[in-house]
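Enquirer: Line order of the protein sequences matches chains Y, U, B and Z. Here the first sequence stands for residues 177 to 309, numbered as in this note's numbering. Here the second sequence stands for residues 177 to 309, numbered as in this note's numbering. Here the third sequence stands for residues 177 to 309, numbered as in this note's numbering. Here the fourth sequence stands for residues 177 to 309, numbered as in this note's numbering. Supplied in structure tokens, the structure appears directly below.
4 protein chains.
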Amino acid sequence: MLSLNQAKTVIAAGEAKATVIGVPVIVAVLDAGAHLKAFSRMDGAVLGSIDIALRKARTAVLFETSSEAVWDYCKPGAPAHALEFSNGGLAPFAGGIPLRDTAGAMIGAVGVSGGAVAQDLEIAEAAVAALGV
Amino acid sequence: MLSLNQAKTVIAAGEAKATVIGVPVIVAVLDAGAHLKAFSRMDGAVLGSIDIALRKARTAVLFETSSEAVWDYCKPGAPAHALEFSNGGLAPFAGGIPLRDTAGAMIGAVGVSGGAVAQDLEIAEAAVAALGV
Amino acid sequence: MLSLNQAKTVIAAGEAKATVIGVPVIVAVLDAGAHLKAFSRMDGAVLGSIDIALRKARTAVLFETSSEAVWDYCKPGAPAHALEFSNGGLAPFAGGIPLRDTAGAMIGAVGVSGGAVAQDLEIAEAAVAALGV
Amino acid sequence: MLSLNQAKTVIAAGEAKATVIGVPVIVAVLDAGAHLKAFSRMDGAVLGSIDIALRKARTAVLFETSSEAVWDYCKPGAPAHALEFSNGGLAPFAGGIPLRDTAGAMIGAVGVSGGAVAQDLEIAEAAVAALGV
């Protein structure tokens, strides 16, 4: 089970990486049931990214994979057309990554939004890495 | 009219096929009014598939056809652009199949999600076949 | 973590009690994250009870208590006026009960609707008792 | 304008008071536009309080007053019957308090939920006091 300490560690690492890159982002952490555990919006991040960060994390929890991996199932020509409209709307692009415990079980996910997609991904990866598993 | 015994037969057959294939899925059964009759989530199925299984079954009931058949109406170049956004959002890909009585009248639908789309379809077909009509 | 076998045991016990009483009900089982695990609608249960059974179980999970206990917080004169409108709408009356493991941790909840409230409660209690914890 | 540092100060003070009281709570901080700035769910807080903490803070921002003050307008006998159903649903009970800058301008609000209403209020007051204005 994801602890608040773990969630804060994830957020701090994400903010640190975002500061290095120089882009203000939102970092959202959900538990394994997709319920909000911790959230932080850096000064200067656009309002539209609040929902996107939450949605990326939610996408990662719901499918137990990175948010962009979901796109492989619903992109044009793939078999699950319109999958992205399920579950209240997914965010099938980079920046959402599952959090796992040392046994590999998913304990939640982080979602990052505010920069370019590649930046969001880099920040999310740094955030996840801070868990040290 | 779909009975609970029929719905349980459909779910048991779907679960049996999923076990043979080795993929945990969700099997949802709706009645002819698109109201939930029975539902089962196998251990290990991802949370995101709950909504998708329900949505596939709903798509099948609403149009009295397999869920993927709806895609023919709304795919790029087809006349009903954005049809998939009607009715609260359809799931126009395989895994939803109408249930019929011996006279051919639709009495509900089954929706399966959790595996690859081809697996979901195979499981849904096994589930429907268990009705023996 | 709630298993599908446990959920089916809960539902079977609820249905057995409802059959003894002679009232068709809906029995819904959610996991600890309030996600649907299993569901069964007995023949003859009214459609309006689908949502109520789900909502009772959801109320029990969200507050880790029986659904009717929530009414103590929001009834006229109590301090949390309009609490029942939070979380998409609660069902603060009897029929929703948490499910616990042998260590006492909440692993989900059952919600029953279809009969008189006292009947729903009796059926929910029988359903929970079947877990044997 | 509310800074992330201020929001974190508010949350830390709320968590510290909750720890002293011995009740796990959720502390949500919104900006003056009612958009989420920071959020923290202490281990053990019930899931139902996520929405309530957010809703209390939202109620405080929307009416620039404490959440329970809104009850005076909508309680039985008051002139604004059903006011609590506006704005997607208010939480007109204690635990939501506006945040103000040194000039007295509202810069956001804090919402606390998880304990008894009186505890939530005490925690929210400690959280607001940490801003030192």
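Where is the CB? At the ideal position from N, CA and C, for every residue including glycine.
Considering only C-alpha positions, which residue in the set U:Glu244, U:Leu259, U:Gly291 is nearest to Cys250 (chain U)?
Expert: On the second sequence, residue 250 (chain U) is found 74 positions in, with the first residue counted as 1. The shortest Cα separation from Cys250 (chain U) among U:Glu244, U:Leu259, U:Gly291 belongs to U:Leu259.
Enquirer: If the cut-off is 9 angstroms on Cβ atoms, which residues from the stretch 199–232 of chain B count as contacting chain Y, listed in chain order?
Expert: Against chain Y - using a Cβ distance shorter than 9 angstroms - the residues of the stretch 199–232 of chain B are Asp207, Ala208, Gly209, Ala210, His211.
Enquirer: Can the beta-carbon of Asn181 (chain Y) be found closer than 8 angstroms to that of Gly224 (chain U)?
Expert: In the first sequence, counting from the first residue as 1, residue 181 (chain Y) sits at position 5. In the second sequence, counting from the first residue as 1, residue 224 (chain U) sits at position 48. Cβ atoms of Asn181 (chain Y) and Gly224 (chain U): not closer than 8 angstroms.
Enquirer: For Phe215 (chain Y), which residues of its own chain have a beta-carbon under 6 angstroms away from its beta-carbon, when the five flanking residues on both sides are left out?
Expert: What you label residue 215 (chain Y) is simply residue 39 of the first sequence in a count that begins at 1. Taken in chain order, the residues that qualify are Ala204.
Enquirer: Does the beta-carbon distance from Gly209 (chain Y) to Gly209 (chain B) come in below 8 angstroms?
Expert: Against the first sequence, residue 209 (chain Y) aligns to sequence position 33. Against the third sequence, residue 209 (chain B) aligns to sequence position 33. In contact: Gly209 (chain Y) and Gly209 (chain B) (Cβ atoms closer than 8 angstroms).
Enquirer: Rounded to the nearest angstrom, what separates Lys213 (chain U) and Leu266 (chain Z) at their Cα positions?
Expert: Working through the second sequence from its first residue, we reach residue 213 (chain U) at position 37. Working through the fourth sequence from its first residue, we reach residue 266 (chain Z) at position 90. Each residue's alpha carbon lies about 34 angstroms from the other.
Enquirer: Within its chain, find whatever has a CB closer than 8 angstroms to the CB of Ser242 (chain Z); leave out the 5 residues flanking it on each side and keep chain order.
Expert: Counted from its first residue, the fourth sequence places residue 242 (chain Z) at position 66. If we look at Ser242 (chain Z) and ignore the five residues flanking it on each side, its Cβ neighbours are Ala236, Ala270, Gly272, Ile273, Pro274.
Enquirer: Could you tell me which residues DSSP puts in a beta bridge with Ala214 (chain Y)?
Expert: Within the first sequence, residue 214 (chain Y) is the residue found at index 38, counting from 1. In DSSP, Ala214 (chain Y) forms a bridge with Y:Val205, Z:Ser216.
Enquirer: Is Ser243 (chain Y) close to chain Z, meaning its C-beta is less than 8 angstroms from at least one C-beta of that chain?
Expert: Residue numbering aside, residue 243 (chain Y) sits at position 67 when the first sequence is read from its first letter. False, the Cβ-Cβ gap to chain Z never drops below 8 angstroms.
Enquirer: In whole angstroms, give me the CA-to-CA distance for Asp219 (chain Z) and Ile187 (chain Z).
Expert: Taking the fourth sequence and counting its residues from 1, the one referred to as residue 219 (chain Z) is at position 43. Taking the fourth sequence and counting its residues from 1, the one referred to as residue 187 (chain Z) is at position 11. Spanning the two alpha carbons is a distance of roughly 14 angstroms.
Enquirer: Within the same chain, show all residues whose beta-carbon is closer than 7 angstroms to that of Ala229 (chain B), passing over the 5 residues directly before and after it, in chain order.
Expert: As a first step, residue 229 (chain B) is located in the third sequence; it is residue number 53 there, counting from the start. The residues are Ile202, Val203, Ala204, Gly287, Val288, Ser289.
Enquirer: Assign Val222 (chain Z) to buried or exposed, taking buried as 16 or more other Cβ atoms, counted over all protein chains shown, within 10 Å of its Cβ.
Expert: Working through the fourth sequence from its first residue, we reach residue 222 (chain Z) at position 46. Label assigned to Val222 (chain Z): buried.
Enquirer: CA-CA distance, Glu301 (chain B) and Ala285 (chain B)?
Expert: Locating residue 301 (chain B) in the third sequence gives position 125, counting from the first residue. Locating residue 285 (chain B) in the third sequence gives position 109, counting from the first residue. Going from the Cα of Glu301 (chain B) to the Cα of Ala285 (chain B) covers about 11 angstroms.
Enquirer: From which residue to which residue does the alpha helix (DSSP H) around Ala285 (chain B) run?
Expert: Here residue 285 (chain B) corresponds to residue number 109 of the third sequence, with the count starting at 1. Here Ala285 (chain B) belongs to no alpha helix (DSSP H); instead the beta strand (DSSP E) covers 282–289.
Enquirer: So Leu307 (chain Z) and Thr185 (chain Z) are supposed to be a Cβ contact under 8 angstroms. How far apart are they, rounded?
Expert: Within the fourth sequence, numbered from 1, the residue matching residue 307 (chain Z) stands at position 131. Within the fourth sequence, numbered from 1, the residue matching residue 185 (chain Z) stands at position 9. At roughly 7 angstroms, the Cβ-Cβ gap stays under 8 angstroms, so Leu307 (chain Z) and Thr185 (chain Z) are in contact.
Enquirer: Have a look at Ala256 (chain U) and Val293 (chain U) and give me their C-alpha separation to the nearest angstrom.
Expert: Residue numbering aside, residue 256 (chain U) sits at position 80 when the second sequence is read from its first letter. Residue numbering aside, residue 293 (chain U) sits at position 117 when the second sequence is read from its first letter. If I take the Cα positions, the gap works out to 23 angstroms.
Enquirer: Any C-beta of chain Z sitting closer than 8 angstroms to the C-beta of Asn238 (chain B)?
Expert: Walking along the third sequence from the start, residue 238 (chain B) turns up at place 62. A small correction: the amino acid at residue 238 (chain B) is Leu; Asn does not occupy that position in the sequence shown. True, the Cβ-Cβ gap to chain Z drops below 8 angstroms.
Enquirer: Hey, quick one: how far does the alpha helix (DSSP H) through Leu297 (chain B) stretch, first residue to last?
Expert: Counted from its first residue, the third sequence places residue 297 (chain B) at position 121. 293–305 is the span of the alpha helix (DSSP H), which, as asked, contains Leu297 (chain B).
Enquirer: Once you ignore the five residues that flank Glu244 (chain B) on each side, which residues in its own chain have a CB closer than 6 angstroms to its CB?
Expert: Taking the third sequence and counting its residues from 1, one reaches residue 244 (chain B) at position 68. Counting only Cβ-Cβ distances below 6 angstroms, and skipping sequence neighbours, we find Phe269, Ala270.
Enquirer: Quick check on Ser168 (chain U) - is its C-beta less than 8 angstroms from some C-beta in chain B?
Expert: Residue 168 (chain U) lies beyond the stretch modelled for chain U, which goes from 177 to 309, so this question has no answer here.
Enquirer: Can you list, in chain order, the residues of its chain whose CB lies under 7 angstroms from that of Val309 (chain Y), leaving out five sequence neighbours each side?
Expert: Within the first sequence, residue 309 (chain Y) is the residue found at index 133, counting from 1. Hits under 7 angstroms: Arg276, Asp277, Thr278.
Enquirer: Hey, out of U:Val304, U:Leu297, U:Phe239, whose CA is closest to Val199 (chain U)'s CA?
Expert: Residue numbering aside, residue 199 (chain U) sits at position 23 when the second sequence is read from its first letter. Of the listed residues, the one whose Cα sits closest to Val199 (chain U) is U:Leu297.
Enquirer: Taking only beta carbons into account, state which residues of the stretch 247–270 of chain Z come closer than 9 angstroms to chain B, listed in chain order.
Expert: So the list reads Trp247, Cys250, Lys251, Pro252, Glu260, Phe261, Gly265, Leu266, Ala267, Pro268, Phe269, Ala270, given in the order they occur along the chain.
Enquirer: Helix, strand or coil, according to DSSP, for Gly308 (chain Y) in the structure here?
Expert: Start at 1 with the first residue of the first sequence, and residue 308 (chain Y) comes out as number 132. Three-state result, Gly308 (chain Y): coil.
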